[in-house]
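Notes to accompany the following structure.
2 protein chains.
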Amino acid sequence: MTAFQNIVEHEHGTWALAQVMGRLGWDQETTMPRGAAVQRSEEMAALETVLHARRTDPRLGDWLTQAEAPDATGKAILRHAKRSFERNTRVPAKLAAELARVTSVAQGIWAEARARDDVPHFLPTLNQVIALRREEASALADGGSLYDALLADYEPGMTGHEIGAMFDRMRPRLVALREKVLGADRQPAMLTGSFGHDGQMRLSRRLAETFGYDFTRGRLDLAVHPFSSGSGSDVRITTRVSEDDPFNCLYSTIHEVGHACYEQGIDQAYAFSPLANGVSMGVHESQSRIYENQLGRSRAFTGWLFDRMREEFGDLGAKNAEQFYGAVNRVSAGYIRTESDEVQYNLHIMLRFDLERALISGDLQPGDLEAAWNDRFLSDFGVAVDRPSNGMLQDVHWSVGLFGYFPTYALGNVYAGCLMKALRRDLPKVDDDLAAGNLTAATGWLRNGVQRHGGLMEPRDTIAQACGFEPDEEPLLAYLEAKFSDLYAV
Amino acid sequence: MTAFQNIVEHEHGTWALAQVMGRLGWDQETTMPRGAAVQRSEEMAALETVLHARRTDPRLGDWLTQAEAPDATGKAILRHAKRSFERNTRVPAKLAAELARVTSVAQGIWAEARARDDVPHFLPTLNQVIALRREEASALADGGSLYDALLADYEPGMTGHEIGAMFDRMRPRLVALREKVLGADRQPAMLTGSFGHDGQMRLSRRLAETFGYDFTRGRLDLAVHPFSSGSGSDVRITTRVSEDDPFNCLYSTIHEVGHACYEQGIDQAYAFSPLANGVSMGVHESQSRIYENQLGRSRAFTGWLFDRMREEFGDLGAKNAEQFYGAVNRVSAGYIRTESDEVQYNLHIMLRFDLERALISGDLQPGDLEAAWNDRFLSDFGVAVDRPSNGMLQDVHWSVGLFGYFPTYALGNVYAGCLMKALRRDLPKVDDDLAAGNLTAATGWLRNGVQRHGGLMEPRDTIAQACGFEPDEEPLLAYLEAKFSDLYAV
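These protein sequences, in sequence, are chains C and L.
Every number in our numbering is 1060 more than the matching position in the first sequence, counting from 1.
Every number in our numbering is 1060 more than the matching position in the second sequence, counting from 1.
This is the structure in structure tokens:
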């Protein structure tokens, strides 16, 4: 076998074992008996040891120095394999083990601190996590930016500087839009009515099918925090049900379907290779967001959904499709990112991005984080944070060491804005389809333009070739300003 | 670290990864999307490669030559580790891979042959599987009996000769009992009534709890063929529902609960070691059988169950507890092992045992198997086999290479007979408990006598120390003759 063939075979096994790890994660969140938690963590640690040994196998290093790719697909495989090998061999095993140990405990401490609104309880742990991630970033950065080294795990090819500049351009327009919308005389009403569990799940399944999710290669279950899991021919989604708020369930489902359809849509020719995964968190989020927002919360599609909701639940409080559209897209003041809306969501991300960049660079000390968060929240959202669980303790991410992850959510929105602009250009009658509950053309366009390529191209290139133009923030901002100015008559 | 400590750490990881493999098997039979089958087989193959490499790791061989056990538990750990290392290193990797490949295809061919009653379609594959298993047995046997080498995977320490002699003593008495019972004037009636899916599952859960299954460390799902899966703190069971025949569901559940309680009952001190599994298939089956039959189908317990069934399903057709007891223990002529009863079940096993021993020794050619099966069936069951799917094609075992497995079912019954005799000696009032639906003392006795020991002792010793006498077939035969002579008044 050639060095290249050896790499392909090695990656095949690694990919398969990584799927097994994903399946254990799914099981843990959906079906695992609660008494199995300790044993499961040992099982996952044993499998993680196996995966780490494969990813740092010295033979892989040798093959990578010798391998020649036969074609463009081969080049992409080598690019991923090389990046993974370097990333994994640069971090000393002792540091990786220490990070795993500390972050697994840190999540519990964070949960306690959030429940008690007790920042001092969390600070020593946060200090420790940041110190370890900085140490890891130093090992990875090779003299470059620490933050960029962490960002590369989630959005390869992107820099903190580039994202920061883009966010700085977006912020004033989003703050201005938020102020206009929240100050508007016309405010949409929430739904009223009764939204039973089974009805929400039935409609969730129908929405998943409508958006092209393939149930023969997946399944829908319940979880506390909805997620999508797996690649290839086993991509599972979860949702949750709140009997007061059916949109929580339905739009969580559509969001996860976007992630899942990306994985299900990857070219079968890439099966069991590093190309058989979504290429980055940002591109992944572009799919979940365009399914959920640009398509799922459009006036056209909510017109169709309004009828389906009335069939399932009877009277919703909304008199007509336009009122229903208002309820789906309602903007209201609030502290919590995950309960936010299209207008305010990106402001949440920008706040976190600037603070975490400063934490990693050392410009901000964890002890000063609460004050910095609250100042910034007041400035961007016009509201004073009332307690830490509504402020710096609201998200799990930092406790488990996820620094560099937050910006990919907003990057996904930016990419979704670009993709929707290009999709409308290529499918001028898309609103007629959406109004009929027919997503075939829209999701087919995304599958062909983005999803099928998997890891073939770099993230930004994936979006650029799908759109036919270089992505930037303008289409998203124009879309949001137009949509919400119209809806709120401002 | 000492050689012994290295072994303990190595076995810890292997045990954890074997649990992951078990979980994949559970998922495959209960929740996996059907389109994921090909990918799943690749995932399992990748994990099997990892497990095989661990089990044949040359370092393990070195440690085993040097290790000294600090105590009895340590000695048992070394015994298991040594046996596993020898078993796995003796079979050439190429042969193991070929066996895996051929048996994975063979199961599909067997299923086709069974569906079409087409023995010639199955014969070339069966020939191939037997040839490979004989080759494997030669590698394992070290000049000894081929069949014993295969049997050792399921029932270490037992020989085909020993089992054959015991079965030869049992057969005439079981044939005589079958003839008396089937020829009796008094024949119990089957139940009539309506047995809804949800009611059966509700009662299944209740039975599982009644027999001591710990749902915080397990769960109950549906599967085509009921099974129990996993060890330690994640032991899951499955059942199936036939709306015509509630006993199928309820007694499948109790049977799997027996297996699961064995795993759940093992001493926590053995966690993540080779002792943290049931010690053999025969001892495992002794637990499932005594839960299902000696306890679950007793007159005392069915009296309690009769009331629970009427609460759940209303009129059952049975006028009183005695008629219900008859329905639970009804013996009827039939071809299929898995639909059999306490009287005829062991005759099914003896038939298979003699034939598979002859197939492995070479005394019987696969081409002569159908005639041999049908002759023997007529002689032991008094009925001519009408078609191969009711004869030699009824069981999946041989197609997947399981030779040496069948006798452990009957051995389990023999052990269950011994355990029940000892249990009645130590708990003379057990029938009063059973009549009240109280299994605490009986399952506690089994946990303390058998289950908690896991792999500490050899299989036969495990039973002998629990009973206080050497196990043989007499208690089982005496139990069956007394129970069915009474029930059928013969």
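The C-beta atom is built at its ideal place from N, Cα and C for all residues, glycine as well.
As the structure is a computational prediction, the values presented were derived from the model and not from experiment.
- Close to chain C, meaning a Cβ-Cβ distance shorter than 8 Å, are the following residues of the stretch 1099 to 1116 of chain L: 1099, 1100, 1102, 1103, 1105, 1106, 1107, 1109, 1110.
- Counting along the chain, the unbroken alpha helix (DSSP H) around residue 1486(C) starts and ends at 1466 to 1486.
- Using a Cβ-Cβ distance cut-off of 8 Å, the stretch 1147 to 1154 of chain L and the stretch 1079 to 1096 of chain L are not in contact, since fewer than three pairs of beta carbons, one from each stretch, lie closer than that value.
- Between residue 1345(L) and the set 1541(L), 1321(L), 1472(L), 1284(L), the nearest pair of CA atoms involves 1472(L).
- Residues of chain L whose Cβ lies closer than 7 Å to the Cβ of residue 1080(C) are, in chain order, 1080, 1084, 1103, 1107.
- In the structure shown, residue 1523(C) adopts helical secondary structure according to DSSP, grouped into three states.
- Counting along the chain, the unbroken alpha helix (DSSP H) around residue 1507(L) starts and ends at 1500 to 1509.
- For residue 1210(C), there is no enclosing beta strand (DSSP E); the residue is found in the alpha helix (DSSP H) stretching over 1206 to 1211.
- Taking 7 Å as the upper bound on Cβ-Cβ separation, chain L lies near residues 1276, 1277, 1278, 1279, 1292, 1293, 1294 of the stretch 1276 to 1296 of chain C.
- What residue 1077(C) touches in chain L, judged by beta-carbon distance under 9 Å, is 1103, 1106, 1107, 1110, going in chain order.
- By the Cβ criterion, the stretch 1199 to 1218 of chain C is in contact with the stretch 1454 to 1468 of chain C, since at least three pairs of Cβ atoms, one from each stretch, lie closer than 8 Å.
- 1332: these are the residues of the stretch 1321 to 1340 of chain C whose beta carbon lies less than 7 Å from some beta carbon of chain L, given in chain order.
- Annotation: residue 1166(L) to residue 1106(L) spans about 20 Å, alpha carbon to alpha carbon.
- Its chain contains 1444, 1445 as the residues whose beta carbon lies nearer than 8 Å to that of residue 1438(L), once the 5 sequence neighbours on both sides are disregarded; these appear in chain order.
- Counting only residues of its own chain and dropping the five nearest sequence neighbours on each side, residue 1347(L) has a CB closer than 6 Å to the CB of 1318, 1322.
- Cβ-Cβ distances below 6 Å link residue 1122(L) to nothing in the same chain once the five nearest sequence neighbours on each side are left out.
- Scanning chain C for C-beta atoms nearer than 7 Å to the C-beta of residue 1096(L) yields 1277, 1293, 1294, reported in chain order.
- Nearest to residue 1281(L) by alpha-carbon distance, out of 1291(L), 1270(L), 1258(L), 1272(L), is 1258(L).
- When 8 Å is used as the limit between beta carbons, residue 1073(C) is near these residues of chain L: 1106, 1109, in chain order.
- Those residues of the stretch 1203 to 1217 of chain L placed with their C-beta closer than 7 Å to a C-beta in chain C do not exist.
- Around the beta carbon of residue 1118(L), fewer than 16 other beta carbons lie within 10 angstroms, which makes this residue exposed.
- Classified as buried, residue 1410(L) has 16 or more neighbouring CB atoms from the shown chains inside 10 Å of its CB.
- Counting along the chain, residue 1277(C) sits inside no beta strand (DSSP E), nor does DSSP assign it H or E at all.
- Put simply, the CB of residue 1248(C) is far from chain L, with every gap to its CB atoms at 7 Å or more.
- For residue 1523(L), the CB contacts under 8 Å within the same chain, skipping 5 residues up- and downstream, are 1343, 1346, 1475, 1478, 1479, 1510, 1531 in chain order.
- The beta-carbon of residue 1531(L) is placed no less than 7 Å from the nearest beta-carbon of chain C.
- Annotation: the continuous beta strand (DSSP E) that includes residue 1296(C) extends over 1296 to 1299.
- Per the Cβ contact rule, the stretch 1243 to 1257 of chain L is in contact with the stretch 1367 to 1376 of chain L (3 or more Cβ pairs under 8 Å).
- Contact of residue 1087(L) with chain C by beta-carbon distance below 8 Å involves 1083, 1087.
- Judged by DSSP in its simplified three-state form, residue 1400(L) adopts coil rather than helix or strand.
- Annotation: the continuous alpha helix (DSSP H) that includes residue 1101(C) extends over 1097 to 1115.
- Residues of the same chain with a CB within less than 6 Å of the CB of residue 1412(C), apart from the 5 flanking positions on each side, are 1466 in chain order.
- Using a CB distance cut-off of 7 Å, residue 1093(C) counts as an interface residue toward chain L.
- Taken through DSSP and simplified to helix, strand or coil, residue 1462(L) comes out as coil.
- Take the alpha-carbon of residue 1493(C) and the one of residue 1499(C): they are about 7 Å apart.
- The Cβ atoms of residue 1298(C) and residue 1306(C) lie no closer than 7 Å to each other.
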